[in-house]
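As structure tokens, the structure follows; a few thoughts come after it.
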Amino acid sequence: MQRLKLGDIILLIFILIAAGIFFVLKIENKNNLTKQDKKIVIKYLDNELITEFSKNKKEIKVKGKRGYSIIEIGSNWVRMKESACPSKFCVKRGKIFKSGESIICLPNQVLITIKEEKNIKKRVDSICH
Amino acid sequence: MSLIAEVKKSNQTEKRIYYIFLLAFGIILNVLESFIPKPFPWFRIGLSKIALLLVVYSFNWKKILLFPFLRVTISFIITGLILTPIYLWSLIGSLISAIVMKIFITFFRNFFSMYGISIAGAMVNNFTQWFFIINIFNFHYGFILPYLLIQALVGGLITAYFALAIDKGYKRNIRKKLTKENKELK
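Respectively, the protein sequence lines represent chains S and X. Sequential numbering of the first sequence, starting at 10, is according to my numbering. Sequential numbering of the second sequence, starting at 24, is according to my numbering.
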């Protein structure tokens, strides 16, 4: 086995220190998607309403074709709490988190989607190796 | 005589034979390594770097730059991952690590042994791939960097150990064999 030279040992120590520093710092992506970049778009009848996520739960009451439907908004999720439609599919859909997901209520004509702002690059959903 | 000194001394035809031998060696190592199960996709030793190390030590710039292209393309055709993003960043990491290792050898030869050069190459390879993944593909893998650096350290030491062992243990003389075969043919 060849002996380690001075440069090797310096390089070893340098890498260990760099790894330690990066371990403490925890680098995040610059164009990381934060909660403020996502917006909720609610369409009912012919109107459109754009809101943001809120840390405290808030409720929005919207009038559709058949009656009122109540939308609940959390820190990173949206759900339909109550609806005036007969089948209640929109309530059974549950919470939605990711951008591009949507809750649609056809009888009451209410549509909720989560959208990202356009200047942010599109993110890949998932990869497999 | 060691393998590197042997390659440097040999003529054009023999150099080609050694180059193709190292290329095949690298491809086989890469394919065999892909059989080993790994907990994370990036968590591997990088055994094919043994061949790259030997090539960087014994050939000129042109052949060194050609080596990653051939090695990565052929081994990815065999494993069936060609034209995926993995292929792209593997190629770029391999190329840049080859360039950095050659620069280290030409300028700091007395300062670093093979271990240091191997570790530097592995580190540059990992860092390039990490940078590429974060800034171009926009994945959320920023936190992975310290683990990648430690993996480069361990992998670099292992590959350098094996490369030195192969370099030392090489005893067959291709020139003698070639002349012998030529005589037999005549």
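Yeah, the Cβ is synthetic: ideal placement off N, Cα and C, and Gly gets one too.
- Counting other Cβ atoms within 10 Å of its Cβ, X:Lys125 reaches 16 or more and is therefore classed as buried.
- With respect to the 8 Å criterion, X:Ile142 and X:Leu180 are classified as neighbours on the basis of their beta carbons.
- Shown here, S:Cys94 sits in coil according to DSSP, grouped into three states, outside any helix or strand.
- Ranked by Cα distance from S:Ser96, the first of S:Ile82, S:Leu58, S:Ile30 and S:Leu115 is S:Leu115.
- The C-beta of S:Val33 has fewer than 16 other C-beta atoms within 10 Å across all chains shown, which makes the residue exposed.
- In the three-state DSSP reduction, S:Ser111 falls in the strand class (E or B).
- The stretch 38-125 of chain X is shown to contain whole alpha helix (DSSP H) runs of 4 or more residues at 72-81 and 84-102, in chain order.
- Approximately 7 Å separates the beta-carbon atoms of X:Lys72 and X:Ala145; this is inside 8 Å, confirming the contact.
- The distance from the Cβ of X:Thr151 to that of X:Ile119 is about 5 Å, consistent with a contact at the 8 Å cut-off.
- Contact between X:Ile189 and X:Leu70 is absent: CB atoms are separated by about 12 Å, not below the 8 Å threshold.
- Going by beta carbons, X:Ser81 and X:Lys32 fall outside the 8 Å limit.
- Put simply, the CB of X:Phe66 is far from chain S, with every gap to its CB atoms at 8 Å or more.
- Just measuring C-alpha positions, the residue of S:Glu57, S:Cys99 and S:Ile49 sitting nearest S:Ile113 is S:Cys99.
- One finds Phe166 in chain X with Cβ atoms closer than 7 Å to the Cβ of S:Lys35, taken in chain order.
- Secondary structure note for S:Ile79: its beta strand (DSSP E) is the uninterrupted segment Tyr77 to Ile82.
- Less than 8 Å divides the Cβ of S:Lys67 from the Cβ of S:Ile82.
- For S:Ser84, same chain residues with a beta-carbon under 8 Å away, outside a window of 5 residues either side, are Lys44, Phe62, Ser63 and Lys64 in chain order.
- Between X:Phe166 and S:Lys35, the C-beta spacing is below 8 Å.
- Within the stretch 110-142 of chain X, the residues whose Cβ lies closer than 7 Å to any Cβ of chain S are, in chain order, Phe131, Phe134, Phe135, Ser136, Met137, Tyr138, Gly139 and Ile142.
- Under the three-state reduction of DSSP, S:Tyr53 is assigned to strand.
- In summary, X:Arg94 is buried, with 16 or more beta-carbon neighbours lying within 10 Å of its beta-carbon over all protein chains present.
- When only Cα atoms are considered, X:His163 and X:Glu29 end up about 47 Å apart.
- For the pair X:Ile128 and X:Val79, the CB atoms are nearer than the 8 Å cut-off.
- Of the candidates X:Leu168, X:Met137, X:Gly178 and X:Lys199, X:Met137 places its Cα closest to the Cα of X:Leu187.
- Cβ atoms of X:Trp112 and X:Phe63 stay farther apart than 8 Å, at about 15 Å.
- Burial of X:Ala74 is indicated by the presence of at least 16 other C-beta atoms within 10 angstroms of its C-beta.
- Following the DSSP letters along the chain, one finds S:Ile69 inside the beta strand (DSSP E) bounded by residues Lys67 to Lys72.
- Scanning chain S for C-beta atoms nearer than 7 Å to the C-beta of X:Ile173 yields Ala28, reported in chain order.
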